[in-house]
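Enquirer: Below is a structure I'd like to ask you about.
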Amino acid sequence: MTERLIQEVMMGNQIKITVGETEVSALLNETETAAGVLDILPITTSLNLWGDEIYFSIPLAMEEAEDAREIVAVGDIAYWPQGQALCIFLGKTPVSRGDEPRAISPVNVVGQVGPEGVPGLLNAVRQQNSITIRR
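What follows is the structure, given as structure tokens:
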């Protein structure tokens, strides 16, 4: 594939996350769950915080993926099948052991916020209660 074609394919899974005046880019992966998330965008909803995890209900019912996991990376975006919610992990949660972000139960990782976007997003969610995700 040419570099341009690769970029066009990658841009198809790029999303924008907006909280207050802060907007960051993220990239969704090539999974069935990520495709389901893309299909429901755009969405604006109230957000909840659980430690340094943002989570919010979305109108999507998906099963737990074979590679679902509890331990994730800072910046990971994941679908939580048990709660039908999207989660953005910006740091530790109340069930973390050490510094790793940890979900309460297995999640399907669907993408990643770039590392440059994590600090701004973390600061914004502490001051806002609404989130918008769009292509």
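Take 24 as the starting number for the sequence shown in the numbering used here and just add one per residue.
All C-beta atoms in this analysis are idealised placements derived from N, C-alpha and C, irrespective of residue type, glycine included.
DSSP state of I29, grouped into three classes?
Expert: Taking the first residue of the sequence shown as position 1, residue 29 is located at position 6. The predicted model places I29 with a pLDDT of 47, which falls under 50 and marks its position as unreliable; any figure quoted below should be read in that light. In the structure shown, I29 sits in a helix (DSSP, three-state: H, G or I).
Enquirer: What's the call for G140, buried or exposed, on a 16-neighbour Cβ count within 10 Å?
Expert: Position 117 of the sequence shown holds residue 140. The residue in question, G140, is buried, as its Cβ has 16 or more Cβ neighbours within 10 Å.
Enquirer: Which parts of the region 29 to 106 are runs of the alpha helix (DSSP H), unbroken and 4 residues or longer, counting only runs that do not cross its ends?
Expert: DSSP runs (the alpha helix (DSSP H)) wholly in the region 29 to 106: 55 to 63.
Enquirer: Taking buried to mean at least 16 other C-beta atoms within 10 Å of its own C-beta, is N131 buried or exposed?
Expert: Indexing the sequence shown from 1 puts residue 131 at position 108. The residue is buried, with at least 16 neighbouring Cβ atoms inside 10 Å.
Enquirer: Since V141 is in the alpha helix (DSSP H), which residue starts that stretch and which ends it?
Expert: Residue 141 sits at position 118 when you count from the first residue of the sequence shown. Start and end: 141 to 148.
Enquirer: Short check: CB of L113 to CB of L144, under 8 angstroms?
Expert: Stepping through the sequence shown from its first residue, residue 113 is reached at position 90. Stepping through the sequence shown from its first residue, residue 144 is reached at position 121. Yes, the Cβ-Cβ distance between L113 and L144 is below 8 angstroms.
Enquirer: Any idea which residues DSSP pairs T155 with across the strands?
Expert: Counting from 1 along the sequence shown, the entry for residue 155 is found at position 132. Note: T155 sits in a beta bridge opposite T41, T67.
Enquirer: Apart from the five residues just before and just after P82, which ones in its own chain have a Cβ nearer than 7 angstroms to its Cβ?
Expert: On the sequence shown, position 59 is the one that residue 82 refers to. Taken in chain order, the residues that qualify are I63.
Enquirer: Rounded to whole angstroms, what's the CA-CA distance from L70 to S119? Just pull it up for me.
Expert: The residue given as residue 70 occupies position 47 in the sequence shown. The residue given as residue 119 occupies position 96 in the sequence shown. About 20 angstroms.
Enquirer: Looking only at its own chain, which residues have a Cβ that is under 7 angstroms from the Cβ of N152, when we skip the five neighbours before and after it?
Expert: Position 129 of the sequence shown, counting from 1, holds the residue named residue 152. The answer, listed in chain order, is S69, L70.
Enquirer: Taking its Cβ as the centre, do 16 or more other Cβ atoms sit within 10 Å of R125, making it buried, or is it exposed?
Expert: As a first step, residue 125 must be located in the sequence shown, where it is residue number 102. Label assigned to R125: buried.
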